[in-house]
Amino acid sequence: DAFTGTPYCGNPACVVLLRPGSYPEETWMQQVANEMHLSETAFLLPHAEPSSYDLRWFTPTAEVDLCGHATLASAAVLWDVHDAGLSRPLTFHSKSGVLTAVRDTESGAISLDFPAEPAMPVPPEQAGEYASLLVRAFGLPSRDAVLWVGRNAIGGPGGGDLIAEVTPEATFVRQAGIPLPEGGPPAASYDFSSRGFAPCVGVDEDPVCGSAHCALGPYFAAKLGRADLLARVASPRGGDVRVCVRGDRVQLGGHAVVTMTGQLL
1 DAFTGTPYCG
11 NPACVVLLRP
21 GSYPEETWMQ
31 QVANEMHLSE
41 TAFLLPHAEP
51 SSYDLRWFTP
61 TAEVDLCGHA
71 TLASAAVLWD
81 VHDAGLSRPL
91 TFHSKSGVLT
101 AVRDTESGAI
111 SLDFPAEPAM
121 PVPPEQAGEY
131 ASLLVRAFGL
141 PSRDAVLWVG
151 RNAIGGPGGG
161 DLIAEVTPEA
171 TFVRQAGIPL
181 PEGGPPAASY
191 DFSSRGFAPC
201 VGVDEDPVCG
211 SAHCALGPYF
221 AAKLGRADLL
231 ARVASPRGGD
241 VRVCVRGDRV
251 QLGGHAVVTM
261 TGQLL
């Protein structure tokens, strides 16, 4: 369970540590991810050098290029279950480049180094289409239009309480074809809050979407005038994400809890 210190909260991920060599068939990995039926299943392939791995992520229906919570979970599994040394960072080679994870030995918090993905303003000719979709999908007022687009689209509901109470209409959410994290004003003690929806890859709602903060972080850092932020994901499971914007990189921080281990037959 990622971005939480409490079991059965945050965002659950399955982490599969493979034998050294080469990846198994993609069909098999997709079947495993579908069987687990979590927002992401991570597959780790050890390198010859210590603390270095290839990393791929699958939703129940598709492979994705970047995933924050399953990377956080992967690091926790390597350190807590497989005794990877804390003396050096973990290095993950992915379709989004090289990602690293370090752990604070006192607090246990894990920090991930990810690429920033600043979103672009919605083109004026598409603004009406996006706003209409947001109204139909989430029941939000038309003034709460989608503000920015990129890998993620960012909408602007009126407040943290409203975000927590949103009940998506699945039919219209699926028509989006892209993830729809909604960024908005925070609850007390948080800089911003959000919820994330990715029906186009088989995840109606991602309980705590870490990678969305690669876009949300730069957006709110510019808006609030500071680079270090604390975000709340207001899904039913909920989670906290520390976001530090450093130029073209974003550091995503949080805790993770291993709740079960097993073996694939």
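For the sequence shown, the numbering used here gives the first residue as 1, with consecutive numbering after it. Where is the CB? At the ideal position from N, CA and C, for every residue including glycine.
| Query | Result |
| --- | --- |
| G210 and G68: beta carbons closer than 8 Å? | yes |
| Compare the Cα-Cα distances from A198 to each of V135, H47, C244, T61 and report the closest residue. | T61 |
| Spatial neighbours of Y23 within its chain, please: CB distance less than 8 Å, with the 5 preceding and 5 following residues excluded, ordered by chain position. | M29, F43, L45, D54, R56 |
| Enumerate, from N- to C-terminal direction, the unbroken beta strand (DSSP E) stretches of 3 or more residues contained entirely within the region 13 to 37. | 14 to 17 |
| Within its chain, find whatever has a CB closer than 8 Å to the CB of L265; leave out the 5 residues flanking it on each side and keep chain order. | none |
| Tell me whether S194 is buried or exposed, calling it buried when 16 or more other Cβ atoms sit within 10 Å of its Cβ. | buried |
| Could you pull the DSSP bridge partners for E63 from this structure? | F58 |
| Using a Cβ distance threshold of 8 Å, determine whether the region 109 to 117 contacts the region 247 to 260, with at least three qualifying pairs required. | yes |
| Have a look at E205, Y219, G108, L18 and flag the residue whose alpha-carbon is nearest the alpha-carbon of Q263. | L18 |
| State the start and end residues of the unbroken beta strand (DSSP E) segment that holds G97. | 97 to 103 |
| Below 8 Å on the Cβ atoms is my guess for A2 versus L86; work out the distance and round it to an integer in Å. | Wrong, their Cβ atoms sit about 18 Å apart, outside the cutoff. |
| What residues match up with G112 in a beta bridge as DSSP calls it? | Before going on, a small fix: residue 112 reads as Leu here, not Gly. Note: L112 sits in a beta bridge opposite A101, L252. |
| If I'm right that V257 touches H213 with Cβ under 8 Å, what's the distance once you round it to whole angstroms? | Rounded, the Cβ-Cβ distance is 20 Å, inconsistent with contact. |
| With a threshold of 16 other CB atoms inside 10 Å of the CB of P123, please say whether the residue is buried or exposed. | exposed |
| Going by CA-CA distance only, name the one from V208, F138, G202 that's closest to N34. | G202 |
| So, using beta-carbon positions, are C9 and R237 closer together than 8 Å? | yes |
| Tell me which residues share the same chain as S111 and place their Cβ nearer than 6 Å to its Cβ, disregarding the 5 neighbours each side in the sequence. | V102, Q251, G253 |
| If you drop the 5 nearest sequence neighbours on each side, which residues of the same chain put their C-beta closer than 8 Å to that of D80? | V258 |
| Thinking C-beta only, is S52 closer than 8 Å to T100? | no |
| When the Cα atoms are used, what is the spatial distance from S266 to P12? | The displayed coordinates of the chain run from 1 to 265. Any statement about residue 266 would go beyond what the structure contains. |
| Determine whether the beta carbon atoms of S39 and D206 lie at a separation below 8 Å. | yes |
| When the Cα atoms are used, what is the spatial distance from S64 to F58? | Per the sequence shown, residue 64 should be read as Val rather than Ser. V64 and F58: Cα-Cα distance of roughly 6 Å. |
| Write down the C-beta distance between D240 and F220 rounded to the nearest angstrom, noting that I regard them as a contact closer than 8 Å. | Actually they do not touch by this definition, with Cβ atoms about 15 Å apart. |
| Let's test the definition: count the other Cβ atoms within 10 Å of the Cβ of H82 and tell me whether it reaches 16, buried, or not, exposed. | exposed |
| Residues in the same chain with beta-carbon distance under 7 Å from L78, minus the five sequence neighbours each way, listed in chain order, please. | A84, L90 |
| Out of G196, A137, D228, H37, point me to the one whose CA is closest to G234's CA. | Before going on, a small fix: residue 234 reads as Ala here, not Gly. Comparing Cα positions, the closest option is G196. |
| Tell me whether D206 sits in a helix, a strand or coil according to DSSP, three-state version. | strand |
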